[in-house]
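Chains as they are written, first to last, in the numbering used here: chain A, 35 to 473; chain B, -4 to 271.
The structure is reproduced here in structure tokens:
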């Protein structure tokens, strides 16, 4: 009898153990390789301590490879990923097609109302949140305070393009290898097209009118391109048509640029004494605008975590998204690595935290810039699309890159500005007609 | 006088050959050097060639962030598996085409080659759907299958070209001595063709090792080979050249060593059939 009981207890214990082991859910998270995401992977012990029943597999990839992979997977309902890192460009397009699970029912502790309104708007579709922001950014001016002083100028908080041109002219010293202005020139919808779209917004231009007709043949686009090419030829570094974010970052860190207008995330890189020769000389200002135009050339971007519809592990995926984008996660990073390393640009409460404001000197400007970038009203004149530095339609990746190639060629001097804009108009009209937007 | 001219010429040729060799090798050398630099030194203008602060921190970071051995093992299984299965199919196929050609053999060969002319992305969605249906996504079996199919035309072509160099009279003699088809291929043709088969094997292992389109798109975490390992170190922000170079060096090192030890076979494989 005793031995029977023992055997019974033993069997129960084994069965219980097997059930617990079997109950563990494994989720696969696809993500980009940036500092914040790598940090999160290191902080996973906190997640496992709170949720021992969930195991996370990471797939970290270069941005373009990631985009290609997750797009293929979600379009075919492949089901390889339970959580995907996507941007403000993909969210409205994928949500419209029913590819993303709504995140409306996250727990109250998530505090959805704490999300920055512009970021929340960029990650929502028809009023429902479809991705939770892990990190957000805008764009601003980074400049060399020493060179500005030497030029006898003071950077206003909201400079105009005319001031930028004047400052660039005065700061440029080609003999010493210093160029007044560094801007993106490398072709690509996420490279020069993103920057030039925001610049065009600040000149009063837009991609499309309300009937989806391209607007490259209008005066504001000609003004934008003439100003950009003239300034870059006079004060930009050689070979600027090949420079993207990474190239300009290294030029600025090497002390070769007087001013650089790019992502706010670069603020922490150019002020890092380990990587930047000019770390102590960097000042920040809002992205410029043209006199009389009430739009600045600042963008809005967010890397966010989304859950594809049809995943078998939606509950576990939601638990993970809630943990990774919660207020508690920000506190966790701060306790381990300090407030300067907290993922920026997602929550209002972070910008009300004096410890964070003290640790990140560019935080206030980042917040102001993000608040002013409105993805639903990106331009002076009304537009039928959402997105500040992009147009949130599936066709934009192709069109944006083709147009970017024309702009890059105009900067390199292999075509004229007029010819580049004419080609951009023709390419966009053709693609938009083919896609059925223009009747 | 004549001897002096020859020596001068030889020296010139040697210098030229070394110059061209170094020029071709330079990107790899630069990658290896960059992998030992700090991120700051990696982007220094003017570039630092040898006089920089040598560090192993990139290798430490790369190893801490990724499971190199898993990716390495996946690469070994996928490249060797696809090449060996490819050879098992291609040897009989190339034998038939070389020694018993039909009226349409040339057309079949051209048709096989034509499958290489279509960009892979053209069939991405159907193949992805098939992989999904058969549960092959993120599996080594699936990758071995797709890489076998992709490299098969090249394997057949290489073997066909090599088999054509073998006089058919030798095979006829074996047949007259009563050899069956199986023993003819296994005991007569294959031993004579070993150098050609070896170079085909090596070249296709390298091709499969470097294949980056399908291996990236059809895998997630379990079956991802070294191509995915490299792709994970390029970043949308910040500086990453030194870490990316360390990852690239670790990914190419095994195949570089293999290539170094088998360069004679490789050169033979690359040049046979070109000019006879």
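Built from N, CA and C at the ideal position, the CB exists for glycine as well.
Between the CA atoms of residue j and residue i - distance to the nearest angstrom
| i | j | result |
| --- | --- | --- |
| residue 14/B | residue 245/B | 26 Å |
| residue 103/A | residue 117/B | 15 Å |
| residue 104/B | residue 155/B | 9 Å |
| residue 344/A | residue 147/A | 27 Å |
| residue 154/A | residue 161/A | 9 Å |
| residue 80/B | residue 95/B | 23 Å |
| residue 248/B | residue 95/A | 21 Å |
| residue 140/A | residue 267/A | 51 Å |
| residue 253/A | residue 454/A | 14 Å |
| residue 80/A | residue 356/A | 13 Å |
| residue 253/B | residue 196/B | 12 Å |
| residue 202/B | residue 77/B | 10 Å |
| residue 291/A | residue 189/B | 60 Å |
| residue -4/B | residue 9/B | With a pLDDT of 49 at residue -4/B, under the threshold of 50, the predicted position of this residue should be treated as unreliable, though the coordinate-derived value follows. Roughly 20 Å between the two C-alpha positions. |
| residue 107/B | residue 426/A | 41 Å |
| residue 68/B | residue 220/B | 8 Å |
| residue 31/B | residue 39/B | 14 Å |
| residue 400/A | residue 75/B | 51 Å |
| residue 7/B | residue 1/B | 10 Å |
| residue 68/A | residue 176/A | 21 Å |
| residue 336/A | residue 100/B | 57 Å |
| residue 472/A | residue 462/A | 11 Å |
Residue nearest to residue i in terms of C-alpha spacing, selected from the options
| i | options | result |
| --- | --- | --- |
| residue 414/A | 223/A, 242/A, 149/A, 221/A | 242/A |
| residue 211/A | 389/A, 176/A, 270/A, 403/A | 270/A |
| residue 319/A | 297/A, 306/A, 339/A | 297/A |
| residue 284/A | 97/B, 134/B, 37/B, 211/B | 37/B |
| residue 197/A | 87/A, 322/A, 303/A, 277/A | 322/A |
| residue 229/B | 240/B, 219/B, 75/B | 240/B |
| residue 256/B | 91/B, 47/B, 193/B | 193/B |
| residue 456/A | 173/A, 248/A, 404/A | 248/A |
| residue 334/A | 166/A, 238/A, 423/A | 423/A |
| residue 466/A | 429/A, 441/A, 445/A, 437/A | 429/A |
| residue 419/A | 100/A, 129/A, 245/A | 245/A |
| residue 63/A | 402/A, 213/A, 351/A | 351/A |
| residue 262/A | 89/A, 227/A, 288/A | 227/A |
| residue 232/A | 200/A, 282/A, 179/A, 295/A | 295/A |
| residue 367/A | 376/A, 360/A, 159/A, 234/A | 376/A |
| residue 256/A | 463/A, 473/A, 452/A | 452/A |
| residue 150/A | 136/A, 135/A, 170/A | 170/A |
| residue 250/B | 204/B, 216/B, 224/B | 204/B |
Cβ neighbour criterion (16 or more within 10 Å) applied to residue i
| i | result |
| --- | --- |
| residue 258/B | exposed |
| residue 200/B | buried |
| residue 167/A | buried |
| residue 48/B | exposed |
| residue 131/A | exposed |
| residue 411/A | exposed |
| residue 49/A | For residue 49/A, the predicted model reports a pLDDT of 48, less than 50, meaning its position is unreliable and no value from the coordinates is stated. |
| residue 144/A | buried |
| residue 113/B | exposed |
| residue 18/B | exposed |
| residue 171/B | exposed |
| residue 195/A | buried |
| residue 98/B | exposed |
| residue 55/A | Here the model assigns residue 55/A a pLDDT of 46, short of 50, so the residue's position is not dependable, and the following value carries that caveat. So residue 55/A ends up on the exposed side. |
| residue 51/B | exposed |
| residue 236/B | buried |
If you measure beta-carbon to beta-carbon, which residues of the segment 91 to 113 of chain A are closer than 9 Å to chain B?
The segment 91 to 113 of chain A vs chain B, Cβ under 9 Å: 91, 92, 93, 94, 95, 96, 97, 98, 99, 100, 102, 103, 106, 107, 109, 110, 111, 112, 113.
Which residues, taken in chain order from the segment 218 to 235 of chain B, show a beta carbon closer than 8 Å to some beta carbon of chain A?
Residues of the segment 218 to 235 of chain B whose Cβ lies closer than 8 Å to any Cβ of chain A, in chain order: 219, 223, 226, 227, 228, 229, 230, 231, 232, 233, 234, 235.
Secondary structure, beta strand (DSSP E): runs of 3+ residues fully inside the segment 134 to 195 of chain B
Within the segment 134 to 195 of chain B, no run of beta strand (DSSP E) at least 3 residues long lies entirely inside it.
Against chain B: residues of the segment 55 to 88 of chain A by CB proximity under 8 Å
Residues passing the 8 Å Cβ filter: 62, 64, 66, 67, 68, 69, 72, 75.
Can you pull out the residues from the segment 118 to 136 of chain A whose beta carbon lies closer than 7 Å to at least one beta carbon of chain B?
Hits within the stretch: zero.
3 or more residues per run - each beta strand (DSSP E) lying fully within the segment 109 to 140 of chain A:
The segment 109 to 140 of chain A contains, as complete beta strand (DSSP E) runs of 3+ residues, the segments 117 to 121 (chain order).
Scan the segment 105 to 136 of chain B for residues whose Cβ lies nearer than 7 Å to a Cβ of chain A and list them as they occur along the chain.
Within the segment 105 to 136 of chain B, the qualifying residues are 119, 120, 123, 124, 127, 132, 133.
Inside the segment 79 to 112 of chain B only - beta strand (DSSP E) runs reaching at least 3 residues
Counting only runs of 3 or more, we get nothing.
For the segment 307 to 319 of chain A, which residues have a CB atom closer than 9 Å to at least one CB atom of chain B, in sequence order?
Result list: 308, 309, 310, 311.
Contiguous beta strand (DSSP E) assignments of at least 3 residues, all confined to the segment 153 to 185 of chain A:
Counting whole runs of 3 or more residues, the segment 153 to 185 of chain A contains the beta strand (DSSP E) stretches 166 to 171, 173 to 178.
What are the residues in the segment 430 to 462 of chain A lying within 9 Å of chain B by C-beta distance?
Residues of the segment 430 to 462 of chain A with a C-beta atom less than 9 Å from some C-beta of chain B do not occur.
With 7 Å as the C-beta to C-beta threshold (strictly closer), list the residues of the segment 12 to 37 of chain B near chain A in chain order.
Shown in chain order are the members of the segment 12 to 37 of chain B whose Cβ falls below 7 Å from a Cβ of chain A: 34, 35.
According to a CB-to-CB cut-off of less than 9 Å, which residues of the segment 283 to 301 of chain A neighbour chain B?
If the cut-off is 9 Å between Cβ atoms, the segment 283 to 301 of chain A has 283, 284, 285, 287, 288, 290, 297, 299, 300 near chain B.
Proximal residues, the segment 190 to 218 of chain B versus chain A, C-beta separation under 7 Å
If the cut-off is 7 Å between Cβ atoms, the segment 190 to 218 of chain B has 211, 212, 215, 216 near chain A.
Continuous alpha helix (DSSP H) assignments of at least 4 residues falling wholly in the segment 417 to 448 of chain A:
You should have 430 to 446.
Return the residues of the segment 201 to 213 of chain A that lie within a Cβ-Cβ distance of less than 7 Å from chain B, sorted by chain order.
Nothing from the segment 201 to 213 of chain A brings a Cβ to less than 7 Å from some Cβ of chain B.
Contacting positions in the segment 144 to 165 of chain B - beta carbon closer than 7 Å to chain A:
From the segment 144 to 165 of chain B, no residue has a Cβ closer than 7 Å to chain A.
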